[in-house]
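J.:
Numbering (the numbering used here), first residue to last: 791 to 855.
In structure tokens form, the structure reads like this:
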């Protein structure tokens with residue numbers, strides 16, 4: 791459970807960095823929409839990374855036996 795939360799937090803942090811880069815380039819009045827989209831994207835990325843890690847651990851355990 792900790793790894794899932796950690797992956798989601800890292801994904802959200804990554805998306806916030808991307809958001810600030812995009813915001814500094816565009817500088818328009820859609821800041822709230824861009825922020826929500828970037829946080830949602832970061833959450834999805836974090837979940838996908840966590841699922842990938844869990845599946846790879848399960849596959850590695852099966853290959854050892």
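Think of the CB as a built atom: it goes at the ideal place given N, C-alpha and C, for glycine as much as any other residue.
1) Apart from the five residues on each side of it in sequence, which residues of its chain come closer than 8 Å, Cβ to Cβ, to residue 802?
2) Count the other CB atoms within 10 Å of the CB of residue 810; is the residue buried (16 or more) or exposed (fewer)?
3) Please go through the same chain and pick out, in chain order, the residues whose beta-carbon is closer than 8 Å to the beta-carbon of residue 800, but skip the five residues on each side of it.
4) Quick one: what does DSSP say residue 820 is sitting in, helix, strand or coil?
5) Determine the direct distance from the alpha carbon of residue 792 to that of residue 804, and round the result to whole angstroms.
T.: This is what the structure holds:
1) Cβ neighbours of residue 802 beyond the five flanking positions: 829, 832, 833 and 836.
2) Flag for residue 810 reads exposed.
3) Cβ neighbours of residue 800 beyond the five flanking positions: 836 and 839.
4) Look at residue 820 here: in three-state DSSP terms it is coil, with no helix or strand label.
5) Rounded to whole angstroms, the gap between the alpha carbons of residue 804 and residue 792 is 18 Å.
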